[in-house]
Amino acid sequence: MKDLTCVVVGGGFAGIHTLKAIQKACHKGLNGRKLRLILIDKGSAHVRKVLLFRPAVSEEGITVPWEQVMPEGTRFIQGRVTGIDKQSMQLSCEDDKGLEHKIHYDVLVMAVGSIVRQAAPDLGGISLTGVEAAERIRERWHSNLRLAAEETDPQEKQRLMSAAVAGAGITGIETSAELVHAMRTEAVKLGLDPEQIRVHLFNSQERLFLEGPAKVGHRLESYLIDLGVTIHHGRKVLKEEQGLVHVNVGSPIPVGFMVWALGLAPNPALLRLGLPVTADGQIVVDESYRVKDAPGVYSIGDCAHVVDPASGAADRMTCKEAIPQAARLGGIVHADLIGAPAAKHRSVTEGYTVGLGPGHGLVWSRTWGLDIMITGKLAYKVKSFMWNYSSMVR
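When the letters of the sequence shown are read in order and numbered with this note's numbering, they come out as residues 59 to 452.
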């Protein structure tokens, strides 16, 4: 009997959890057919994107070999999907050597995730878009602090010991906290006063953490201020030029360098594949993650517009939502293959975990209408567990 081929496109958090979930669910049986798993991703390794700030502050690696995260027996193709023929259930793929492949699928899961928004090059600064950008950030502040150790002009010394982060979402908050800690630690080694290290966080909104209640935003702000982060609310960065951050309100602020942390956007690669997408560029799926008019095709994670059928609310672009989607999708795929009733999407409990530098964090969730908040070392342990669980790192 012919093998059943399942192709997962995208090896981020949604993709690797989907591979495991489908393999586990299909152990229940596929009417005698054997399951073949294929993962397609353009990267040479899985990148732990939730830790993208780490290479900006240390030499800690955030990549994991594919063999460590894929189920045993999974075939990996490094490349990108260039087309999908929904009628013949065949996809076209260009590998990393530029060779074209045609792959038949019985099940296709699009989990290509999102991309990090990038500022235009003429706006200055460094956009935190990947490992290489993060490493450039680390090199910059290390160089600045070495120059500061030799600088005699007090104003120039202070500028070299300062940094800015434009964008105060979760990534911007975590990056600011990690930067101020790392820069102060290095300042001590160079004989500089760590209290003179300043990281400016620019927030175009009127408070932090609009995703949750104001009291959580205020607690985050207090933590960041205690760490040495200066927060500028209601200020949108226009550009960084010659060591000055220009904002829409007030005078330019001198800094040694600036980081753009502008959030996520759906992967634009989806637009050329002929799948139905929303105005924002996410794939349209039903309550069981099936793509309309595309037999055998599913989508989850950041690239999919997933809506809770009970509440009508759409899931956000976070791993805490993509991972439960993947777990549910395994059972849905198995049910569809054997002709059984399939589960429907259900949103996760509202909540967030935020890292605030080594040993510090904040966890917030809303359960049964109550706001539950944990801070400090326990919250950091919860956050660290989530970071590791997302990439199946133990």
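Note that CB positions come from ideal geometry on N, CA and C, so glycine has one too.
{"Asked": "Residue(s) in a DSSP beta bridge with Asp429", "Found": "Arg424"}
{"Asked": "Any chain C beta carbon closer than 8 Å to Ala114", "Found": "Within the model displayed, chain C is absent; a lone protein chain is all it includes."}
{"Asked": "Coil, strand or helix - His479 by DSSP", "Found": "Since the first and last residues shown for the chain are 59 and 452, residue 479 lies out of range."}
{"Asked": "Ala372 - partner residues in DSSP beta bridges", "Found": "Val365"}
{"Asked": "Exposed unless 16 or more other CB atoms sit within 10 angstroms - verdict on Cys318", "Found": "Residue identity differs from the one stated: residue 318 is Trp in this sequence, not Cys. Buried is the call here."}
{"Asked": "C-beta contact flag for Thr407 and Val421 at 8 Å", "Found": "no"}
{"Asked": "Continuous beta strand (DSSP E) stretch holding Lys107: start and end", "Found": "Looking at the DSSP string, Lys107 is not in any beta strand (DSSP E), and its letter there is neither H nor E."}
{"Asked": "Cβ pair count under 8 Å reaching 3, the region 118-125 against the region 88-103", "Found": "yes"}
{"Asked": "Proximity below 8 Å, CB of Leu109 to CB of Trp445", "Found": "yes"}
{"Asked": "Under 8 Å between C-beta atoms of Asn261 and His290", "Found": "yes"}
{"Asked": "Simplified DSSP assignment, three categories, for Thr243", "Found": "helix"}
{"Asked": "Exposure of Tyr113, with buried meaning 16 or more beta-carbon neighbours within 10 Å", "Found": "With the sequence shown as reference, residue 113 is identified as Pro, and Tyr is not the correct amino acid for it. The residue in question, Pro113, is buried, as its Cβ has 16 or more Cβ neighbours within 10 Å."}
{"Asked": "Coarse secondary structure for Asn261, derived from DSSP in three states", "Found": "strand"}
{"Asked": "Boundaries (first-last residue) of the beta strand (DSSP E) holding His291", "Found": "287-291"}
{"Asked": "Pro252 - DSSP class collapsed to helix/strand/coil", "Found": "helix"}
{"Asked": "Residues of its chain near Glu152, where Cβ-Cβ distance is below 7 Å and the 5 sequence neighbours each way are ignored", "Found": "Gly137, Arg138, Thr140, Glu158"}
{"Asked": "Per DSSP, the bridge partner or partners of His85", "Found": "In the DSSP output, where bridge partners are listed per residue, His85 has none listed."}
{"Asked": "Separation of Thr76 from Arg94, as counted between CA atoms", "Found": "14 Å"}
{"Asked": "Proximity below 8 Å, CB of Ala235 to CB of Leu203", "Found": "no"}
{"Asked": "Cα-Cα separation between Ala191 and Arg106, rounded to whole angstroms", "Found": "15 Å"}
{"Asked": "Neighbourhood of Gln263 by C-beta distance below 6 Å, restricted to the same chain and skipping five residues each side", "Found": "none"}
{"Asked": "Residue from Lys402, Gly409, Lys435 with nearest C-alpha to Gly417", "Found": "Lys435"}
{"Asked": "Start-end ranges of the alpha helix (DSSP H) lying completely within the region 207-242, minimum 4 residues", "Found": "212-218"}
{"Asked": "Within the region 387-418, ranges of the beta strand (DSSP E) (whole runs, at least 3 residues)", "Found": "408-413"}
{"Asked": "Under 8 Å between C-beta atoms of Gly321 and Gly227", "Found": "yes"}
{"Asked": "Among Glu298, Met375, Arg217, the one whose alpha carbon lies nearest that of Ala178", "Found": "Glu298"}
{"Asked": "Environment of Leu248 [buried if 16+ CB atoms lie within 10 Å]", "Found": "exposed"}
{"Asked": "Beta bridge counterpart(s) of Pro129 as assigned by DSSP", "Found": "Looking at the DSSP assignment, Pro129 forms no beta bridge with any residue, so it has no partner."}
{"Asked": "According to DSSP, residues forming a beta bridge with Glu298", "Found": "Val303"}
{"Asked": "Coil, strand or helix - Pro77 by DSSP", "Found": "Reading the sequence as shown, one finds Leu at residue 77 and not Pro. The answer is helix: DSSP assigns Leu77 an H, G or I state."}
{"Asked": "Stretch pair the region 162-170 + the region 60-72: three plus CB contacts closer than 8 Å", "Found": "yes"}
{"Asked": "Backbone secondary structure at Ile358 - three-state DSSP", "Found": "coil"}
{"Asked": "Local conformation of Gln340 per DSSP, three classes", "Found": "coil"}
{"Asked": "Local conformation of Met168 per DSSP, three classes", "Found": "strand"}
{"Asked": "Beta-carbon spacing of Gly286, Arg242 below 8 Å", "Found": "yes"}
{"Asked": "Under 8 Å between C-beta atoms of Ala380 and Ile358", "Found": "yes"}
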